[in-house]
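All remarks here apply to the structure that follows.
Protein chains in written order, with our numbering: chain A, 1 to 312; chain B, 1001 to 1312.
Listed below in structure tokens is the structure:
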């Protein structure tokens, strides 16, 4: 299991590779809250943090044989950018229904894209077989101590930018890599994991004290970045240990948050990146003073963004 | 004429009233440039800086009699927000074709809006007559030393955030209040004023060495924030003294910059706020290392934003 020292080491390793994203302010339901704008990170999401940390730890022989990852897009871009910088070949397995913008941006970084059908094919099996063929290293999107430690550098920045740890940090949660990393970075803060309704397996896992996968009948969600079928022993272990709380938000609440970000914050935030904001705006989670919400990504297709904004 | 000490005094006066906006990085035509994201300022533009500085200097009697301003929207919002905080009555004269979002946001801050027809009515005369009626103070949008000094606080932040003055600062220019203020704040930097084609009266004034108003036949522009018919002796004087350079950009270059901001920066930037970025992206101005471009505002109507983005 990674610990706070791993996050500190990751911060040193990836400094110069990732941007220090701004901590912005917003008035939400009468409270001033802080927003960690990871949508402004290189690649439009926090994922470059973990990917850079993991790839910088590859041995020379591993670098030569390349990396393989699977992701609906943000981790894909993070790995592709980190790989390109290091001159490492990257193959990314992406669902054919991933946002076009994410597929294009990943390809633009020079990665080889392998598309699969989310309903009928097994991305893990495809990625493993590709990795085996070339002796490449599989780079998981969250179930990996170096990935978790890398994502945690966002938490170190939050504490540095505030001058202290905040009372609570609200984090969009798919596999839980970002939330777990921030938990390690900020040992005194209360962690709140936010997921879209039906995909709130972290919430149910935390409540039941064991890993519970997403129900087979989970509804469609706009939050493509958070459609993770099952959290991992690493991320769940860290968050359970810290008595993290799980909260779910509706698709409508997510849409409202995307609109709020455009209108009031002047930020482009993708649905999955807006769930923590949605929890606060909707009152699902009371916005208290000394709350930081992470805006974890901004990679949204134009059509969808325009459609959500036009609903105002 | 205001000087650097006035900017320093303004910074002290308005600290706590305005946000320190982030200085972001972007790769533009192979160069790393810095972007001062004033679209993330409270009110969605830099204007709160000057308005707060001016209103905080009102005498008690002046505060009681209220303020009057004219503006297509960003100065309107800046004055309305500053006035509301101080409990000062604000009346804002706005053109009836101002962006709806700007009119609504100004009204939402409690200001009284007086609309006029840009083609047939004289906003200065309307504002003066309103001010005379109530003994209110007219708050100009740029032709005022306290306004210029307040806008200059953005320049102090740029130097502080970089740890030094950059070689050049590229600034969207209407009346020149922001460019002149930044010139005072950063005495060693080269200043470049960017305007939309046809509205490039600062460029022509700087080239001819005297104030030249906008030609009567100036074409329509999306940059509502930069449709200023004539710069002022204060702003022109400061920028001429500093040998500032003027550059103009086409409407197409502005549209491309708005799209780049959405796609690559995850920022909502209005056309007038995007002209400095447009100058760099288009190559009209070569992006050198050590260049800061100001993104001066983000208040754009949804319809227009969607239309510009859809042209991609």
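All residues carry an ideal CB built from backbone N, CA and C; glycine is no exception.
- Spatial neighbours of residue 198 of chain A in its own chain (CB-CB distance under 6 Å, excluding positions within 5 residues in sequence) are listed in chain order as 218 and 219.
- Residue range 112-116 is occupied by the beta strand (DSSP E) that includes residue 115 of chain A, with no alpha helix (DSSP H) assigned at that position.
- For residue 1246 of chain B, no alpha helix (DSSP H) run applies; the uninterrupted beta strand (DSSP E) run containing it begins and ends at 1245-1249, by DSSP.
- By the CB criterion at 8 Å, residue 1295 of chain B and residue 1035 of chain B fall inside the cutoff.
- Residue 72 of chain A and residue 98 of chain A have their alpha carbons spaced roughly 5 Å apart.
- Taking a contact as a CB-CB distance under 8 Å, the pair residue 62 of chain A and residue 137 of chain A counts as one, their CB atoms being some 5 Å apart.
- Residue pairing by DSSP puts residue 23 of chain A in a beta bridge opposite A:36.
- With a cutoff of 8 Å on beta-carbon distance, residue 213 of chain A and residue 201 of chain A are scored as near each other.
- Between the stretch 300-310 of chain A and the stretch 1170-1178 of chain B, the count of C-beta pairs closer than 8 Å stays below three; the two stretches do not touch.
- Among the residues of chain B, those whose CB is under 8 Å from the CB of residue 312 of chain A are 1302, following chain order.
- DSSP links residue 1168 of chain B through a beta bridge to B:1190 and B:1291.
- A Cβ-Cβ contact shorter than 8 Å links residue 70 of chain A with residue 93 of chain A.
- Within the stretch 1011-1042 of chain B, contact with chain A at the beta-carbon level (separation under 7 Å) is assigned to 1019, 1022, 1024, 1025, 1039 and 1040.
- Shown in chain order are the members of the stretch 1256-1280 of chain B whose Cβ falls below 8 Å from a Cβ of chain A: 1262, 1263, 1265, 1266, 1267, 1268 and 1269.
- One thing to note: residue 1195 of chain B has its Cβ within 8 Å of the Cβ of residue 1226 of chain B.
- Under the three-state reduction of DSSP, residue 1103 of chain B is assigned to helix.
- DSSP, reduced to helix, strand and coil, places residue 62 of chain A within a helical segment of the structure shown.
- The beta-carbon of residue 298 of chain A is placed less than 8 Å from the nearest beta-carbon of chain B.
- Around the beta carbon of residue 283 of chain A, fewer than 16 other beta carbons sit within 10 angstroms, so the residue counts as exposed.
- For residue 1306 of chain B, a Cβ of chain A is located within less than 8 Å of the residue's own Cβ.
- Distances from the alpha-carbon of residue 1262 of chain B to those of A:50, A:101 and A:18 put A:101 closest.
- Residue 1306 of chain B and residue 306 of chain A have their alpha carbons spaced roughly 6 Å apart.
- Against chain B, the beta carbon of residue 222 of chain A has no neighbour under 7 Å; the closest one sits roughly 17 Å away.
- Rounded to the nearest whole angstrom, the C-alpha separation of residue 1 of chain A and residue 11 of chain A is 17 Å.
- Residue 1247 of chain B is not a Cβ neighbour of residue 1205 of chain B, given a cutoff of 8 Å.
- Annotation: Cβ neighbours of residue 1044 of chain B in chain A (cutoff 8 Å, chain order): 266.
- Taking residue 1302 of chain B as reference, the option from A:46, A:117, A:260 and A:270 with the minimal CA-CA separation is A:260.
- For the stretch 86-101 of chain A, the set of positions with a beta-carbon nearer than 8 Å to some beta-carbon of chain B reads 101 in chain order.
- Proximity of the stretch 147-163 of chain A to the stretch 5-23 of chain A meets the contact definition, three or more beta-carbon pairs being nearer than 8 Å.
- Shown here for residue 1236 of chain B: same chain residues with a beta carbon closer than 6 Å to its own, the five before and five after excluded, namely 1205 and 1211 in chain order.
- Around the beta-carbon of residue 1134 of chain B, fewer than 16 other beta-carbon atoms lie within 10 Å, marking it exposed.
- Contact between the stretch 1013-1021 of chain B and the stretch 1046-1054 of chain B is present, with at least three C-beta pairs closer than 8 Å.
- The stretch 50-96 of chain A contains, as complete beta strand (DSSP E) runs of 3+ residues, the segments 67-70 and 90-95 (chain order).
- For the stretch 1170-1187 of chain B, the set of residues with a beta-carbon nearer than 9 Å to any beta-carbon of chain A is empty.
- Sequence-distant partners of residue 289 of chain A (beyond 5 residues in either direction) whose C-beta falls short of 6 Å from its own C-beta, in its chain, are 31.
- Inclusion of residue 57 of chain A and residue 146 of chain A in the CB contact set at 8 Å is warranted, their separation being smaller than that value.
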